[in-house]
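Chemist: In my numbering, the protein residues as written are 1 to 321.
C-beta atoms are modelled at their ideal positions from N, C-alpha and C, and glycine is treated no differently.
Since the model is a prediction, treat every value here as computed from it, not as a measurement.
Before we start, here is the structure in question, set down as structure tokens.
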Amino acid sequence: MTRRANVCALLLLCISMVSGAHAFPVTVDNCGTPLRINAPPKRAVIHDLNMTEMALALGLQAQMAGVTGITGWYKTDANFKAALGAIPELAPKYPSLENLLAARADLLFAGWYYGMKPGGEVTPATLARHGIATLVLTESCVHTSQARPRATIDLLYNDMLRLGTVFGQRPRAEALVAQWRKRLQAVWPPGVAPTAPPMRVFVYDSGEDKPFTAGAAAMPTALIEAAGGRNVMDDLPVSWAHSSWESVAARNPQFLILLDYQDGQGPSRLMATLQAHPAMRHTDAVKNQRFIALRYAELTPGPANIEAVEKLARALRAASP
Numbered sequence: 001m002t003r004r005a006n007v008c009a010l011l012l013l014c015i016s017m018v019s020g021a022h023a024f025p026v027t028v029d030n031c032g033t034p035l036r037i038n039a040p041p042k043r044a045v046i047h048d049l050n051m052t053e054m055a056l057a058l059g060l061q062a063q064m065a066g067v068t069g070i071t072g073w074y075k076t077d078a079n080f081k082a083a084l085g086a087i088p089e090l091a092p093k094y095p096s097l098e099n100l101l102a103a104r105a106d107l108l109f110a111g112w113y114y115g116m117k118p119g120g121e122v123t124p125a126t127l128a129r130h131g132i133a134t135l136v137l138t139e140s141c142v143h144t145s146q147a148r149p150r151a152t153i154d155l156l157y158n159d160m161l162r163l164g165t166v167f168g169q170r171p172r173a174e175a176l177v178a179q180w181r182k183r184l185q186a187v188w189p190p191g192v193a194p195t196a197p198p199m200r201v202f203v204y205d206s207g208e209d210k211p212f213t214a215g216a217a218a219m220p221t222a223l224i225e226a227a228g229g230r231n232v233m234d235d236l237p238v239s240w241a242h243s244s245w246e247s248v249a250a251r252n253p254q255f256l257i258l259l260d261y262q263d264g265q266g267p268s269r270l271m272a273t274l275q276a277h278p279a280m281r282h283t284d285a286v287k288n289q290r291f292i293a294l295r296y297a298e299l300t301p302g303p304a305n306i307e308a309v310e311k312l313a314r315a316l317r318a319a320s321p
């Protein structure tokens with residue numbers, strides 16, 4: 001083979017490799033069901049703050065027709081608003097089928113109880129009848145499956161890779177995941193180890209009669225373990241759920257994660273509830289006021305998980321007996 005032929009062959013190989021990285025159709029797992037995407041979405045709708053931050057991290061703005069489920073629940077900062085730009089919010093809470101049809105959506109990125117409810121108006125089955133694909137947040141698959149896998153940080157990594165694959169941005173997604181892995185590897189540098197046994201952590205979202213908290217299948221369990229702790233409710237074979245105060249107090253949490261809804265009161269209202277409870281006020285975490293306030297986007301699958309683990313690991317180190 002001549003030198004010229006060799007160069008041509010090499011160029012063809014390179015072109016093939018590059019085009020292969022963005023080749024369509026692509027197929028990704030969707031709660032155990034294959035989802036085939038024939039071409040990158042052009043008018044995607046992204047639901048909820050955490051999933052919108054995933055899309056923005058991949059620079060998908062030009063392929064987004066709108067977002068839903070943000071201003072009805074959350075406050076956002078200037079950086080988020082700047083990244084979102086002119087992309088409209090189609091509904092402040094859950095989207096309706098009418099919202100999605102009016103936007104001429106070709107894909108919805110959402111989850112069960114993250115924009116969709118089993119048997120509701122907006123589901124993968126109802127949207128498919130209108131030619132709209134649905135990419136389902138993996139953490140939420142627990143609500144429609146008998147399997148209740150324990151949450152790990154791979155929930156974030158794999159969903160970012162799926163999102164990148166669907167939008168033709170797999171290399172960018174891989175680069176982001178590689179950066180995140182490196183940051184979490186540095187959470188416990190050589191010579192520094194978590195306490196043994198790990199500190200007992202309780203996640204308090206809301207509720208006075210019964211606490212609403214994170215079980216084994218919810219993202220906070222993965223974040224706590226990555227930070228060197230253990231979720232005291234990790235034997236609940238569910239995602240987010242109500243428990244009982246007696247059950248939580250019996251496990252004597254040493255540290256608290258209080259969900260900060262950024263409503264002006266911060267964690268003060270949650271801490272006041274704990275301090276007033278006849279059983280919880282005697283737990284180590286409440287007596288010593290050991291807690292960290294984390295935002296919704298930090299506790300649900302999304303880019304903010306990485307900084308959340310870093311902050312939680314520092315807080316657990318500082319609170320270690």
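Which two residues bound the contiguous alpha helix (DSSP H) that contains Leu270?
Modeler: Segment 268-276, the alpha helix (DSSP H) holding Leu270.
Chemist: According to DSSP, simplified to helix, strand and coil, what is Ala21?
Modeler: Its pLDDT being 49, under 50, Ala21 is placed unreliably by the model, and the measurement read from it follows with that caveat. Ala21: helix per DSSP, three-state reduction.
Chemist: Cα separation between Ala145 and Tyr114?
Modeler: Reading the sequence as shown, one finds Ser at residue 145 and not Ala. Spanning the two alpha carbons is a distance of roughly 16 Å.
Chemist: Confirm, please, whether the CB-CB distance from Val166 to Pro211 is below 9 Å.
Modeler: Not in contact: Pro211 and Val166 (Cβ atoms no closer than 9 Å).
Chemist: Compute the Euclidean distance between the alpha carbons of Tyr74 and Leu49, then round it to the nearest angstrom.
Modeler: Cα to Cα, the separation comes out at about 8 Å.
Chemist: What three-state label does DSSP hand Tyr114 in the structure shown?
Modeler: Strand, per DSSP.
Chemist: State the start and end residues of the unbroken beta strand (DSSP E) segment that holds Met199.
Modeler: Taken as a continuous stretch (DSSP letters only), the beta strand (DSSP E) holding Met199 covers 199-204.
Chemist: Taking 8 Å as the cut-off, does the region 299-313 touch the region 129-142 (at least 3 CB pairs, one atom from each stretch)?
Modeler: Contact between the region 129-142 and the region 299-313 is present, because at least three Cβ pairs lie under 8 Å.
Chemist: For my contact list, Leu184 and Ile306 are in at a C-beta cut-off of 8 Å; report their separation, rounded to the angstrom.
Modeler: Confirmed, about 7 Å.
Chemist: Decide yes or no for the touch test of the region 233-250 against the region 169-178: beta carbon pairs closer than 8 Å, at least 3 of them.
Modeler: Touching, no.
Chemist: I'd like the list of long-range same chain contacts for Arg150, defined as Cβ closer than 6 Å, with 5 residues on each side in sequence excluded.
Modeler: Around Arg150: Ala216.
Chemist: If distances are taken between C-alpha atoms only, which option among Pro267, Ala147, Asp106, Tyr94 comes closest to Val122?
Modeler: If we check each option's Cα against that of Val122, Tyr94 comes out closest.
Chemist: Kindly identify the DSSP beta-bridge partner or partners of Asp260.
Modeler: BP columns for Asp260 point to Arg295.
Chemist: According to DSSP, is Pro171 helix, strand or coil?
Modeler: Here Pro171 sits in helix by DSSP.
Chemist: Out of Lys42, Thr52, Arg269, Leu316, which has the shortest C-alpha to C-alpha gap to Val187?
Modeler: Among Lys42, Thr52, Arg269, Leu316, the Cα nearest to that of Val187 belongs to Leu316.
Chemist: If you draw a straight line from the C-alpha of Thr195 to the C-alpha of Asp209, how long is it?
Modeler: Thr195 and Asp209: Cα-Cα distance of roughly 32 Å.
Chemist: Could you tell me how far apart the beta carbons of Val28 and Arg162 are, in whole angstroms, since I believe they sit closer than 8 Å?
Modeler: With a Cβ gap of about 4 Å, Val28 and Arg162 count as contacting.
Chemist: Out of Ala39, Pro190, Met219, point me to the one whose CA is closest to Ala23's CA.
Modeler: It is Ala39.
Chemist: Report the rounded CA-to-CA distance for Ser96 versus Tyr261, giving the unit in angstroms.
Modeler: Answer to the nearest angstrom: the Cα atoms are 24 Å apart.
Chemist: What does the Cβ neighbour count give for Ser268, buried or exposed, with the cut at 16 atoms within 10 Å?
Modeler: It counts as exposed.
Chemist: For the candidate residues Ala227, Arg290, Ala65, whose alpha-carbon lies nearest to that of Ile87?
Modeler: It is Ala65.
Chemist: Return yes when the Cβ of Ala308 is within less than 9 Å of the Cβ of Leu223, no when it is not.
Modeler: In this structure, Ala308 lies closer than 9 Å to Leu223 by Cβ.
Chemist: Buried or exposed for Arg290, going by 16 or more other Cβ atoms inside 10 Å?
Modeler: The residue in question, Arg290, is buried, as its Cβ has 16 or more Cβ neighbours within 10 Å.
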